[in-house]
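Throughout, my numbering is defined as the position within the sequence shown, counted from one, plus 21. Ideal Cβ positions, reconstructed from N, Cα and C, are used throughout, including at glycine. Being a predicted model, the structure only gives us computed values, none of them experimental. Inspection log for the structure reproduced underneath, given as structure tokens.
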Amino acid sequence: MTGSVLIQAALIIPLLTAIGIAIFNRIPDLREGVTIVGALALFLTSCLMAAAIAGGNPPELFLGEAAPGLSFAFKLEPLGGLFALVASGLWIVNSFYSIGYMRGNRERNQTRFYICFAIALFGAMGVAMAGNLFTLFVFYEVLTLSTYPLVAHKGDANAQRGARIYLLTLLGTSIGLFLVGVVWTYAIAGGLDFVPGGLLNGQVGTGAASALLLLFAFGVGKAALMPFHFWLPNAMVAPTPVSALLHAVAVVKAGVFTIMKISIYIFGEDLLNETPARDWVLAIACFTIIVASLIALTKDNLKARLAYSTVSQLAYVTVGAMLADPAGWLGGALQIAAHASGKITLFMCAGAIYVATGLTNISEMRGLGRKMPMVFIAFFVASLSIIGIPPLAGDWPKYELMQGAADANAHYVVGVLILSSLLNVAYLLPIPILALMPPPGTPAPAPYKTADGAPFFTVAAPAFTALLCFILFFTVGSLGAFLTPAVGVR
């Protein structure tokens, strides 16, 4: 199968899945069966594309021009291949989880939910495979628009408010800042292709480069860099499978992936190191890491705490991008995969707790591990991964980012990462520890909201992704070799 056919398949499969879901609207088993088959097919396609990249034949596809100089072009390089694998692979897990959650919670508009989810994966795959900034921008917006109904899924006043903030923030930053950066880049370089070494390298002065970098850093609102982070906590009104999509599968990962892609292929190492604004964005990312963690400490609502944790953890990728050296870039790329596996586990655990008990506040969960041990063990494992404890996936990104900071003489970044890990301990570990090992005299946990407790898939899915945190730790050598053509060799 040629590379162009694989790219076409990766774009068509999510759309065909959405159509199939609509056709079987009134037959839930078939509707959700179509979702699972589509997710499996997309992951298989992503694996074949990754194999082609590893074999030195990156898939490419040219679909034509929307206007002179603005082409729909796709070329999958290692960084995009990693994002495609993460998004498509976790779509499978999240689809199984969604079946248990949506049915167990008796959610309305389930067909619309699955359709929008499939279209969101179409957008994510387009972002992953984009061969130029124009293509990436178009699919970035597809991802925003397709996830808006998911954030507004519940339809109440809070959901509508959260969805409005979500849509207006992401469209406002992308059109008001990101698009301006794209147009300015085209005016300078005469094109928008992603070029190894940087499209703008040697074509722009440091002043213009600084302005462009700020436009991109804040224009990519999905990266949730402060002060454009507030849409993410507000989007927590959505059902938990949507939160998992936002935080782990596609949305925020598309944001930080875009930051990495622009850093490597639009600026390049040499230009980025000469750009004064690189230090400013690096400092803002470090500020975001610490402040978001401190805010997380104050939140009793579990999903709100996890949302601010995501804001903090996403900034790790921006830090890696701004370090502008191979170790930093590798650390940022590995963080995309490690954070995805850890954070989707945490959110799915939160959803399992809610479906079974109706509880949302951490203060009400003491002793709940007696009734839901598998859920809280999975939460504990994922928390250790987020903290960066070996042998779990989150250890390697922090190691590489610290190495990158040392190589770039940005030694304060090492201190920020260490402090961040300590704050991770403070806001994550008490949750599973107090649930599994409550102090003497803790009241018995509240009765289940449903007779059977958490549905099977809402427990099995986070157990699987918790195991994935271990697997990723031991496969980092292969991941590093796969990413080397994109991030360089130390």
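For Ser92, the enclosing beta strand (DSSP E) has its first and last residue at 91 to 96. Shown here, Glu86 sits in a strand according to DSSP, grouped into three states. Met369 counts as buried, since at least 16 other C-beta atoms from the protein chains shown sit within 10 angstroms of its C-beta. Sequence-distant Cβ neighbours of Gly202 in its own chain, meaning closer than 8 Å and more than five residues away, are Leu233, Leu236, Phe237, Gly240. Taking a contact to require three or more Cβ pairs closer than 8 Å, the segment 275 to 294 and the segment 328 to 338 qualify as touching.
Minimum Cα-Cα distance from Ala256 among the listed residues Tyr122, Asn179, Val497 corresponds to Asn179. Residue state for Glu128 is assigned as coil, using DSSP reduced to three classes. For the options Glu98, Ala30, Ser362, the alpha carbon positioned closest to that of Gly76 is the one of Glu98. Three or more beta-carbon pairs separated by less than 8 Å are not found between the segment 402 to 411 and the segment 383 to 390, which leaves the two stretches without contact. Taken through DSSP and simplified to helix, strand or coil, Asn255 comes out as helix. Residue state for Asp346 is assigned as coil, using DSSP reduced to three classes. Straight-line measurement puts the Cα of Ala342 at about 12 Å from the Cα of Glu421.
The distance from the Cβ of Ala361 to that of Leu111 is about 6 Å, consistent with a contact at the 8 Å cut-off. Contact between the segment 68 to 87 and the segment 160 to 179 is absent: fewer than 3 CB-CB pairs across the two stretches fall below 8 Å. Between Ala30 and Leu37, the alpha-carbon positions lie close to 10 Å from each other.
Between Pro412 and Phe491, the alpha-carbon positions lie close to 6 Å from each other. Where Asn179 is concerned, the enclosing alpha helix (DSSP H) starts and stops at 178 to 194. For the pair Ile33 and Ile113, the CB atoms are not nearer than the 9 Å cut-off.
Non-local C-beta neighbours of Leu489 in its own chain, meaning closer than 7 Å and more than five positions away in sequence, comprise Ser362, ordered along the chain. The three-state reading of DSSP puts Asp428 in helix, counting H, G and I together.
Checking the DSSP bridge columns, you'll see Asn153 partnered with Asp214. Just so you know, the alpha carbons of Val446 and Trp205 end up roughly 43 Å apart. In this structure, Leu327 sits near Leu367, with a CB-CB distance shorter than 9 Å.
Between the segment 151 to 162 and the segment 89 to 103 there are three or more C-beta pairs closer than 8 Å, enough to call the two in contact. Rounded to whole angstroms, Ala373 and Gly147 show a C-alpha spacing of 31 Å. For the pair of segments examined, the segment 85 to 92 was found not to touch the segment 136 to 151: the number of CB pairs separated by less than 8 Å stays below three.
Look at Asn222 here: in three-state DSSP terms it is coil, with no helix or strand label. By the neighbour-count criterion, in which a residue is buried when 16 or more other Cβ atoms sit within 10 angstroms of its Cβ, Thr66 is buried. Residue range 272 to 283 is occupied by the alpha helix (DSSP H) that includes Gly276. Look at Asn445 here: in three-state DSSP terms it is helix. In the DSSP assignment, Glu81 is bridged to Lys96. Excluding residues up to 5 positions away in sequence, Lys243, Ala244, Ala245, Leu253, Leu267, Thr331, Leu335 lie with their Cβ nearer than 8 Å to the Cβ of Val273 in the same chain.
Beta-bridge analysis with DSSP links Asn382 to Asn322. Note that the C-beta distance between Gly289 and Leu220 is below 9 Å. Sequence-distant Cβ neighbours of Phe64 in its own chain, meaning closer than 8 Å and more than five residues away, are Leu106, Ser109, Gly110, Trp112, Ile113. Ala426 places its beta carbon 9 Å or farther from that of Pro483.
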